[in-house]
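Chains as they are written, first to last, in this note's numbering: chain A, 1 to 597; chain B, 1001 to 1334.
C-beta: ideal position from N, C-alpha, C; glycine also.
On a predicted model such as this, the values are computed, not experimentally measured, just so you know.
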Amino acid sequence: MSRTNDDYSGTISRRHVLRLTGVSGAAALAGCTGGSSSDGGGSGGDSSSGDGSASGTGVADITLTGATNEGVPANMHLNPMATQNYDWTAGNHIFERFAAYNFSTQEFEMAGLEDWSFDDQTVTLTIREDLKWDTGDHVTADDVITQFKLMEKTEATLWDFTDSVAKGEDDKTVVLTLSRPSNPEIIKHTLANSDLRIHGYQPVYNEFLDQDAAAVQQFEWEEDVHGNGPFKFDSKSNQAWTLTRNEHFYDADNINFSTYELLSRGDNSALQQGLMGGELDVVSSLFVPPTIAGNLPETVEEVTLPANWGYGVIFNHNDEHFGKRAVRQAVAHVINRQQVADNAGPRTKRPAPKVTGIAPADQESWLGDAYDSFESYGPNATQSEEATALLEEAGYSKSNGTWQDGDGNALGGSYMTPAGWSDWTTATNTVVDQLNAFGFDFEINSIPTSDFYSAYTESNFAIGAFYWMPGGARSSFPYFPLRWQLNNPDIGGGHNFEETEYTIPAMSGSGEMTINPFEEIRTVATTQDEAQVRETVQRVAWHSNQNLPILALVEKQDQSWLTSDGWDIPPADDAARGVKWPSHWLPKQGKLNPSNQ
Amino acid sequence: MVNYYVRRTARVFATIFMVASLTFGLIRLLPGGPYTLLRTRLLRQGVPAAEVDARIANLQNIRPDAPIWEQYIDYMIALAQGNLGMSISLNEPVVSILAKSAPWTVFVVLVSTILVFVIGIFLGSLQAYWEGSRFDQVFSGISISLMSVPFYVVAVLALYIFAYQLNWFPTAGTVGRGIEPQLSVAFVLSALEHGVLPIFSYTLGAIGGQALAMRGNSIQVLGNDYVQVARLRGLSDRRIATRYVARNAILPMYTGFLLLLGFRLGGTVILEQIFSYTGLGYYLISALNTNDYPLMMGTFLVITVALVLGVYVADLTYSKIDPRISAGGSDEAY
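Here it is in C-alpha cells:
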C-alpha cells in the first residue's frame, strides 16, 4: 500500500522491516533468474503521491499497489476480445465477470449475473439489477447480446453449443438457445471462465457487428474505456496502470480505498523483490521458490490455489516404442512422482494421486468407490518389477544395463523439454534420471518455448514433457481434461492418439472392456443426467488410467500473494480466498481494505 | 582525398546493407514463428485452444506469411524509404517504438560513456603521473577488480541495495508515474533520478579499463624524447602534463570513445531488463521473446548503424585531430 498522508508515520515502515530481515535479499537475488515462464508477474515502482484528502465518504485516498507483467501498459489496451496486447490483469478489475468458480467450496459464485437457469435447450441468464457501467447507465441484455454476437464471429467456445441468443422478458435477461441439450456444468464453466468478462459496451462494440471478426480482434480500446467492475480506468503510462474506485459498481460500498495501481515489471525477480521490499501489496499470480518465499516478510501471505495444471509426460502414439501401451505403462511404473514433486518444488507441487485425466482435488469425489481400483503406478516408488515384466512381455530385453528391442535398438532417445521453465527443467532431470537408472537410454532435448509447441504440433517427437491438464477452473469438471488428453487441441492433436475403440482391462478387475473414449466423453456434453455423467466420466478416466494417452505426474499449486501490512485481509480459512485471483476478487467482497478504515 | 571520402561513405552503406541482409536471414532461422509465444500466452491465460487458434488464424489473414524472398525484397525497399514496418506484437510502427525508446538508451549510454572517459582519463593520468606510488598501486588494483566485475552484477546489487533496501532510488522505469513527457523541471529531475542506477552500473566497471589504458598511454608518452626535451627546456610540470602528455595519451582513446558508444548501445539489453528501463534493449528482448521480426530488425539496425557511424566519424575526423595521420590508404582509425 502506498500511503498518501502521514497518518501512519508512527508505525514502522515495511522497508525498515525488510532492512531488519537482512539476508533475505541475497537469497532473492540468487533465485531471481530463470523463473518458470508459466508463472509470472512483475512489480516495483515509485512511491505514489496524493493530497491526503478523502475522495468519498468513508473512502480513504489510499493506493493498493499490484503489478502486471503482461507488457508496458502504454503499449497495452483494454479490449478483452483482442488477440494481442490486452492486459487481463487490468481488465479483470474493470470488467465484471458473469460468475466465478470457487476452488475452496468447489461451487460457482454469481458475480455480474444474478441467476442462471438451465432448461433442456434453453439457458436463461439474469443480469444483476444493479450492474451498471461506470457511466451510471445500466448494463442491459442488449450489451450482453452484442458481446455474444461478436463472440460468435470470433468462434468463442460458448458457440460450440449455442445456436442463438436473444433478449428475454426484460432488459436484464438474456436467453441462449442451445443447438442440442447440453450439460449445465459445461455451460457454467464456460460462462465462469476467468477470461470471459462482461464488456460489450454498445457505444463501442456495436460498430463491429457488421465487420469481420478480425476487426474487433484488432481493436485496441485505449480511450473512452468504460467498464462495470469495481474499478475504472483512469490512466496508463510506461510505468503503470492507474485505476480508480468505480462508484457505480454494485458493491462499491465494500471498497474503502480510492486507487488501484498496477506497476509494470518485466520478470519474476522484480515481483519477488517488490513483495520483499514492501513495494507491492498484492500479486495475483507469481511463482516464488521456497528459498525466497521463506525470506519474505511475515506480513506477506501466500494463497495457494490448484492450478489444475502440472508436469506430465506426453507420448507420440505413432512412435514404434511409445505407441505401445506396455512401454507407456512401464514408464509410469518407473517414475517416482513424489520425488519429481519434491525436486521440482516441494512447496507448490504434489504428485497426482491417480494417473488419469481428473484434477487431483476432484479425483475421489468423481471416482467414488472405483477410486481404489485405479492403478496407482507407485506414486512414491520406482516399481522396477512391474516395469520389467511389462517390457519383457512386449518383447524388449535388457542388455548391458539398457533395454533394447528385438533389433538391438536401445529403448529411449530424445526427451523433449521446454527451455527456461526452471521447475520443469528440474522435473525433467529427475524423470530422465529415474528412467535411465532403470535402463532406458534418454537424453534431454531442451528447446525454446517458441519451438516447443510447434515440435509437438508437428509430431516431431517420441516422448517429452507436457502438462497433463489444460488448466483453469474448467479443468475441475472432468469432461474438459479427459477430452483434452485425447484430442489435445493445444498441440493440434500432435500426439496422434487415434480416435478408435480400445480394449483395456475391465473396471471390475476381471475380463476386458472395449471403449471409444472420444465418443463416450462427447456424450457428457449432451447429457443432463448426473448419474449417467458420473458413470461415463469414470469409464473414460479408467481408460486414461490404463491406456495413458498422456501420463499425469505432478499437480502444481498457483501462488497468489497478499500483504497484511496496512491492509486487512481475510483469514486463511476464509472461502473467499478460493476464487482466482484473490487480488481481484477480495476487494469487491469487502475483504481487502486498508487497516483502520 | 575526395575519393577517399566517397569510398568511405559508400562502404558505410554497403556495411549497413550487408548487416540488414544478414540479420534478416539469421532472424528467420530462429525456431518458431511470430505467433508461437502469443499462442502459449493465450493458452496459459485460460483461453480454450480452439478459440486461440481461431484468433490467431484471423491475425494471419490480415498479415499472411509471405515467402521469405518476397519478405526480403519488401523489407529492403521499405528500409530504403525509412520504413521499418509494423511491429507484429505491438501492432505499432517500428519507427515510432524506436523513437520512443531510443532516446532513453542514448541518454544512459552517452552519459555513462562520457563519465567512463572523463573519470577513466583523470584517474589514469594521475596514476601515470605518480607511477609506482601507493596511489598508483591501489588504483591499479581497483581498476583491475572493477574490470572483472560484469556490469549486470553491479546493476543487480545496486538495485537491491540502493533501491529496494535503502530506498534512495526508484526500482524501475524511466520517469515517475504521472509525469508528463515534456521539457519540464519535474520531468528532467525524474528522468535523472531514474537514470542514476542504470548509469552508475554501466559506468563503474568500465572505468577501470579506461583508467588502465590511459595510464599505459601516458607512461608511454612520458618516456618519449620530446617529453624529456620539454623537461630539459624547463617547462613546468603542469604544462608538460596537459600539453605534451595528456594530449598525446588521449589521442588513441578518441576512436575508442566513438566505437565504445556504438558497442555499448547494444550492451544495454541486460541493463534495461534489470531496471525495467524501456529503452532499445528492453524492446529488443521483448521482440526476441515474441519473434517479432520487424521490431527485432529495427532495433538491430539502430544498434548497427550507430556502430558503423561511430567508426565512420572516427575515420573521417581522426586525421583532423592527429595531423600526423594523413587520410586515406591504410591509415583508418579502425
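With a Cβ-Cβ cutoff of 8 Å, do residue i and residue j count as a contact?
| i | j | result |
| --- | --- | --- |
| A/Y415 | A/N445 | yes |
| A/A326 | A/A381 | no |
| B/Y1282 | B/S1101 | yes |
| A/A473 | A/N193 | yes |
| B/S1143 | B/L1204 | no |
| B/I1219 | B/E1131 | yes |
| B/T1268 | B/V1109 | yes |
| A/L367 | A/A100 | no |
| A/F598 | A/L243 | Here chain A comprises residues numbered 1 to 597, so residue 598 of chain A is not present and cannot be evaluated. |
| A/V340 | A/T430 | yes |
| A/D405 | A/H543 | no |
| A/P297 | A/M276 | yes |
| B/Y1202 | B/S1319 | no |
| A/W241 | A/H77 | no |
Starting from the beta carbon of residue i, find every residue of chain B whose beta carbon is closer than 7 Å, and list them in chain order.
| i | result |
| --- | --- |
| A/E279 | T1171 |
| A/T154 | A1054, R1055 |
| A/A72 | As written in the sequence, residue 72 of chain A is Val, which differs from the Ala given in the question. Those within 7 Å of A/V72 in chain B are T1278. |
| A/D565 | Under the 7 Å cutoff, chain B gives no residues; its nearest Cβ is about 15 Å from A/D565. |
In the DSSP assignment, find the unbroken beta strand (DSSP E) run with residue i in it and report its ends.
| i | result |
| --- | --- |
| A/K167 | 162–167 |
| A/G673 | Residue 673 of chain A lies beyond the range of chain A shown here (1 to 597); nothing can be said about it. |
| A/P505 | 502–505 |
| A/W561 | 554–563 |
| A/E261 | 257–264 |
| A/N445 | 441–447 |
| A/N102 | 99–102 |
| B/I1179 | Per DSSP, B/I1179 belongs to no beta strand (DSSP E) and is neither H nor E. |
| A/P601 | Residue 601 of chain A is absent from the structure shown; chain A starts at 1 and stops at 597. |
| A/T177 | 173–178 |
| A/G229 | First-last for A/G229: undefined, no H or E at that position. |
Kindly list, in the order they appear in chain A, the residues whose Cβ is closer than 7 Å to that of residue i.
| i | result |
| --- | --- |
| B/A1049 | P489, D490 |
| B/T1174 | N238 |
Quick one: Cα of residue i to Cα of residue j, how far?
| i | j | result |
| --- | --- | --- |
| A/P184 | A/E364 | 22 Å |
| A/A26 | A/S269 | Since pLDDT at A/A26 reaches only 33, below the 50 mark, its modelled position is unreliable, and no value is offered. |
| B/T1278 | B/N1091 | 17 Å |
| A/D342 | A/S117 | 44 Å |
| A/N69 | A/S285 | 10 Å |
| A/G266 | A/G71 | 7 Å |
| A/G590 | A/D362 | 29 Å |
| A/C32 | A/D423 | Reliability of the predicted coordinates at A/C32 is poor, the pLDDT of 34 falling under 50, and no value is obtained from them. |
| A/V174 | A/A252 | 25 Å |
| A/Q121 | A/H189 | 17 Å |
| A/L592 | A/P570 | 7 Å |
Which chain A residues sit within Cβ distance under 9 Å of residue i?
| i | result |
| --- | --- |
| B/I1056 | T83 |
| B/L1059 | T83, Q84, A214, Q217, Q218 |
Since residue i is in the alpha helix (DSSP H), which residue starts that stretch and which ends it?
| i | result |
| --- | --- |
| A/N487 | 479–487 |
| A/W585 | 582–589 |
| A/Q404 | A/Q404 -> not in any alpha helix (DSSP H); beta strand (DSSP E) instead, spanning 402–404. |
| A/V355 | Here A/V355 belongs to no alpha helix (DSSP H), and DSSP marks it neither H nor E. |
| B/L1288 | 1280–1289 |
| B/P1103 | 1094–1129 |
Residues of chain B with CB under 8 Å from residue i, in chain order?
| i | result |
| --- | --- |
| A/V174 | In chain order: nothing, as chain B lies at least about 20 Å away. |
In chain C, which residues lie with their C-beta within 8 Å of the C-beta of residue i?
| i | result |
| --- | --- |
| B/N1091 | This model lacks chain C altogether; the protein chains it does include are A and B. |
Report the neighbours of residue i on chain B: residues whose CB is nearer than 9 Å to its CB, in chain order.
| i | result |
| --- | --- |
| A/T157 | V1047, P1048, A1050, E1051 |
| A/N308 | Within chain B, no residue comes near A/N308; the closest Cβ sits about 10 Å away, beyond 9 Å. |
Anything in chain A within Cβ reach of residue i, meaning under 8 Å, just list it in chain order.
| i | result |
| --- | --- |
| B/R1134 | Per Cβ cutoff of 8 Å: no residues; B/R1134 is ~33 Å from chain A at best. |
Name the residues in the segment 260–277 of chain A whose C-beta lies less than 9 Å from a C-beta of chain B; which are they?
-> E261, L263, S264, R265, G266, D267, S269, A270, Q273, G274, M276, G277
Looking at chain B, which residues of the segment 434–453 of chain A have a Cβ within less than 9 Å of any of its Cβ atoms?
-> The residues in question are I447, P448, T449, S450, D451, F452, Y453.
Using Cβ-Cβ distances below 7 Å, what residues of the segment 198–215 of chain A are close to chain B?
-> A213, A214
Taking Cβ-Cβ distances below 9 Å as the criterion, which residues of the segment 460–473 of chain A are in contact with chain B?
-> Using a CB distance below 9 Å, the part of the segment 460–473 of chain A facing chain B consists of P470, G471, G472, A473, ordered along the chain.
Residues of the segment 1271–1295 of chain B whose Cβ lies closer than 7 Å to any Cβ of chain A, in chain order | The residues in question are Q1273, S1276, T1278, N1291.
Taking any Cβ of chain A, which residues in the segment 1251–1268 of chain B have a Cβ under 7 Å from it, in chain order?
-> None of the residues of the segment 1251–1268 of chain B has a beta carbon lying less than 7 Å from any beta carbon of chain A.
Note down, in chain order, all residues in the segment 549–562 of chain A with a beta-carbon under 8 Å from any beta-carbon belonging to chain B.
-> none
Short-range partners of chain A found in the segment 1021–1045 of chain B, where Cβ spacing is below 8 Å | L1030, P1031, G1032, G1033, T1036, L1037, L1038, R1039, T1040, L1042, L1043, R1044, Q1045
At a Cβ cut of 9 Å, what residues of the segment 1136–1164 of chain B count as close to chain A, listed as they run along the chain?
-> V1156, L1157, L1159, Y1160, I1161, A1163, Y1164
Residues in the segment 1171–1205 of chain B having any Cβ partner in chain A nearer than 8 Å | T1171, A1172, G1173, T1174, V1175, G1176, R1177, G1178
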